[in-house]
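Chains as they are written, first to last, in UniProt numbering: chain A, 1 to 225; chain B, 1 to 225.
All residues carry an ideal CB built from backbone N, CA and C; glycine is no exception.
There are 2 protein chains.
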Amino acid sequence: MALTVLVVDDDFRVARLHADIVRATPGFAEPDSCASVAEAMRLAARGVDLALVDLYLPDGSGLELVRSLDCDVFVLSAAAEAGTVRTALSRGALAYLVKPFGAEALSDRLGAYRRYRALLDGADVVQQDAVDAAIRVLHGQGAGTRPKGHSALTEQAVAQAVAAAGEPVSAAEVAEQVGISRATAQRYLALLADQGRLDVQLRYGTTGRPEHRFSPVRAGAGPLS
Amino acid sequence: MALTVLVVDDDFRVARLHADIVRATPGFAEPDSCASVAEAMRLAARGVDLALVDLYLPDGSGLELVRSLDCDVFVLSAAAEAGTVRTALSRGALAYLVKPFGAEALSDRLGAYRRYRALLDGADVVQQDAVDAAIRVLHGQGAGTRPKGHSALTEQAVAQAVAAAGEPVSAAEVAEQVGISRATAQRYLALLADQGRLDVQLRYGTTGRPEHRFSPVRAGAGPLS
DNA sequence: GATGCCGTGCGCACAATGCGCAGAAGTCGG
DNA sequence: CCGACTTCTGCGCATTGTGCGCACGGCATC
Chain A
1 MALTVLVVDD
11 DFRVARLHAD
21 IVRATPGFAE
31 PDSCASVAEA
41 MRLAARGVDL
51 ALVDLYLPDG
61 SGLELVRSLD
71 CDVFVLSAAA
81 EAGTVRTALS
91 RGALAYLVKP
101 FGAEALSDRL
111 GAYRRYRALL
121 DGADVVQQDA
131 VDAAIRVLHG
141 QGAGTRPKGH
151 SALTEQAVAQ
161 AVAAAGEPVS
171 AAEVAEQVGI
181 SRATAQRYLA
191 LLADQGRLDV
201 QLRYGTTGRP
211 EHRFSPVRAG
221 AGPLS
Chain B
1 MALTVLVVDD
11 DFRVARLHAD
21 IVRATPGFAE
31 PDSCASVAEA
41 MRLAARGVDL
51 ALVDLYLPDG
61 SGLELVRSLD
71 CDVFVLSAAA
81 EAGTVRTALS
91 RGALAYLVKP
101 FGAEALSDRL
111 GAYRRYRALL
121 DGADVVQQDA
131 VDAAIRVLHG
141 QGAGTRPKGH
151 SALTEQAVAQ
161 AVAAAGEPVS
171 AAEVAEQVGI
181 SRATAQRYLA
191 LLADQGRLDV
201 QLRYGTTGRP
211 EHRFSPVRAG
221 AGPLS
């Protein structure tokens, strides 16, 4: 039985992006989308397995919605205050993704959620082992499969350097920032771009090969220019 | 700052047992106890970090209490129906322990909760990797007992060597300090890092695989004992 | 004394990095 | 339009460190 998902985001482009990811993930039905607390409550009342909730909503608090919904919830939000994260988890969010994130990050967690449901739905009564296993499945290696020659720590450092830069940066600049070689920075930046997590622009105007400049993919609120 | 805990169980013997476990776990204040939903709401309103909630309560549903409480919640219950587990987690339970369980099971999870709080309280704004790390600390390996092939004495010696170093250290340095092999030091350091007790940095700059360097996790506001 | 389990060390496969360079991808001038 | 030149990217290879399977010693149990 395919799992039903409701995408709750007031930016229709973002909602569509997330719906596309759900659609592309095996085991999930065609997702619904809506843009407000009121509409989310109405659609969820029809029965839905999982809601993907942005915390910034026009008619109320996403955090309050997390508490009010009777279905499972993932929070997908640009809000990265530690207190917000804790409150969301405390109110029942089973996952918290900080925007911007790559399609694979969400897809992986959807896959993990499906396995979590399979473990708990497969039995009427569970032992402690099964409870622990289900929770671990849900929260296990959520990071995407990484090719050989790439380390999780270096990938994080590179992604953070780009995010912190506030403007497009070159491989050389990231290399200096992180303390790695230009070639290694280049490899990671290319990987992140391939995963859809970074945008690439070319800087023309000087002699020689144009420089690749990298910036975070914008999936947050506000119009894209 | 010691974390405050409220034990909610209508069996006073069980409540006392759980309170004793909390009392015996470092980093927690003298716990409060109560035996009903009404009393739990009243005591929690004064501010409490964590409630340990039994689902069978005389004046109402423990599951409803989980949703209503504004603090973090662990469910400790003999109720082992899969649907109940899912509902509890969906309503915000950060952990679910099926009665009867050993003192160590609860004590380990309290320790994991403390590290989870330290990770999230230690920063105003967090990155995705910090969110993931905090969740892993709460639900991952760190939540359980020590795996096979690890001794408490060695673990302690390794942790002390890192604490005493005053700067990030490599596995080879810890091995030399403690008098164990590099591979064994590596195993313990990796475990402690997975448990959220140590930070890992990579030392770049030479050809070959970068060296993992370990240091104590920077605690959040207030000293952890 | 035999057996099984636990924790450790050993040794090695391989993961992840930097180096250096070939060549890709531009600009510029004739 | 084309060749020369510049600047940058991508990649093969050597290097260094990690992670893991397995053997072994010690100890507890029968």
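Apart from the 5 residues on each side of it in sequence, alanine 38/A sits with its Cβ closer than 8 Å to the Cβ of Asp59 and Gly60 in its chain, given in chain order.
Residue-level contact by beta carbon fails for arginine 182/A and chain B, as no gap is shorter than 9 Å. Uninterrupted alpha helix (DSSP H) stretches at least 4 residues long and entirely within the stretch 33-119 of chain B occur at 37-44, 62-68 and 82-90, given in chain order. Within the DSSP secondary-structure output, serine 181/A pairs in no beta bridge.
Under the criterion of beta carbons closer than 8 Å, aspartate 54/A and valine 5/A do not qualify as touching, at roughly 14 Å. Using beta-carbon distances, phenylalanine 28/A does not count as an interface residue toward chain B, since no partner is under 9 Å. Closest in alpha carbon position to leucine 65/B, among Arg91/B, Ala80/B and Glu81/B, is Arg91/B.
Counting of Cβ neighbours within 10 angstroms places proline 26/B among the exposed residues, the total staying below 16. Annotated as distal: alanine 164/B and serine 215/B, with beta-carbon spacing of 9 Å or more.
Look at alanine 38/B: its C-beta is not under 9 Å from any C-beta on chain A. For the pair alanine 80/A and proline 100/A, the CB atoms are not nearer than the 9 Å cut-off.
For the C-beta of valine 200/B, the chain A residues within less than 7 Å are, from N- to C-terminus, Leu153.
In the DSSP assignment, valine 7/B falls within the unbroken beta strand (DSSP E) covering 5-8. Residue Glu176/A holds the alpha-carbon nearest to the alpha-carbon of alanine 161/A among Gly196/A, Glu176/A and Asp129/A. A Cβ-Cβ separation of about 7 Å places histidine 212/A in contact with alanine 171/A under the 8 Å criterion.
Where valine 200/B is concerned, the enclosing beta strand (DSSP E) starts and stops at 198-203.
Residue-level contact check: glutamate 81/A touches chain B, since one or more beta carbons of chain B fall below 9 Å from its beta carbon. Against chain B, the CB of leucine 191/A has no partner CB under 9 Å away; the residue lies outside that interface. Per DSSP, the unbroken alpha helix (DSSP H) holding glutamate 155/A starts and ends at 152-165.
With respect to alanine 35/A, leucine 63/A sits apart: the two C-beta atoms are not nearer than 9 Å. Of the other Cβ atoms in all chains shown, 16 or more fall within 10 Å of the Cβ of phenylalanine 28/A; this residue is therefore buried. If you draw a 10 Å sphere on the C-beta of phenylalanine 12/A, you find fewer than 16 other C-beta atoms in it, and that means exposed. When the beta-carbon positions are compared, alanine 157/A and alanine 123/B stay at least 9 Å from each other. Closest option to alanine 159/B, judged by alpha-carbon separation, among Ala130/B, Arg16/B, Val126/B and Ala185/B: Ala185/B.
According to the DSSP assignment, arginine 136/A belongs to the alpha helix (DSSP H) that extends over 128-139. A direct Cα-to-Cα measurement between valine 200/B and histidine 18/B gives close to 34 Å. CA-to-CA, the gap between arginine 42/A and alanine 15/A works out to about 17 Å. Per DSSP, phenylalanine 214/B lies in no alpha helix (DSSP H) segment; the continuous beta strand (DSSP E) that holds it begins and ends at 211-216. Going by C-alpha positions, threonine 154/B is about 21 Å away from valine 137/B.
Neighbourhood of serine 90/A in chain B, by CB distance below 9 Å: Leu69, Asp70, Cys71, Asp72, Val73, Gly92 and Leu94, in chain order.
Rounded to whole angstroms, the Cβ separation of valine 85/A and leucine 120/B is 6 Å, and the two are in contact under 8 Å. The beta carbon of valine 169/B lies closer than 7 Å to those of Val162, Arg213 and Phe214 in the same chain, with the five residues before and after it left out. Cβ-Cβ distances below 8 Å link proline 210/B to Leu202, Arg203 and Tyr204 in the same chain, with the five nearest sequence neighbours on each side left out; the list follows chain order.
Shortest Cα-Cα distance from leucine 52/A to any of Ser68/A, Arg67/A and Asp72/A involves Asp72/A.
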